[in-house]
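Residue numbers are given in the working numbering: position 49 of the sequence shown equals residue 75, and the series is strictly consecutive.
Just so it is clear, CB atoms sit at the ideal spot from N, CA and C, and this is done for glycine as well.
Bear in mind the structure is a predicted one, so any value in this text is a computation, not a measurement.
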Amino acid sequence: MKYTVSMKENHLFRRLYAKGKNGASPCLAVYARKNRLGKNRLGLTVGTKVGKAVRRNKIRRRIREAYRIHEGQMTTGWDLVVVARVKAAYAPYDQLERELLRLLDKLGVRKKL
27 MKYTVSMKEN
37 HLFRRLYAKG
47 KNGASPCLAV
57 YARKNRLGKN
67 RLGLTVGTKV
77 GKAVRRNKIR
87 RRIREAYRIH
97 EGQMTTGWDL
107 VVVARVKAAY
117 APYDQLEREL
127 LRLLDKLGVR
137 KKL
């Protein structure tokens, strides 16, 4: 990912949950908030209700790949947290990608084409 760094600090996640805009779908929830950096920060959350470690890591990889492919379409300067819901464990990749892009459009993170 060229323009994005990983977000790992708990206080950044909590601030985003409290003060960020959010969008939800059956498989994903996305929280977004502008930052003053020249790059995006992406955090992923997949809870234990989704499945065991192998399944959770597979979902993380799919979400990260869907974001990476469309990263050039994103405006810079955003903090993003993507939360996988239980239905994400059984969703095909194209559905996850479609829902992620729809939510990013709703929150105004993607550039207008």
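Item, Value
"Do residue 101 and residue 47 count as a contact pair if the criterion is CB distance below 8 Å?", "no"
"Across the segment 78–85 and the segment 27–46, are there enough close Cβ pairs to call them in contact, namely three or more that are closer than 8 Å?", "no"
"For the alpha helix (DSSP H) holding residue 84, just list the boundary residues, first then last.", "79–95"
"Rank 38, 130, 36, 39 by C-alpha distance to the C-alpha of residue 89 and give the top, closest one.", "130"
"On the criterion of 16 or more Cβ atoms from any shown chain inside 10 Å, does residue 67 qualify as buried, or is it exposed?", "buried"
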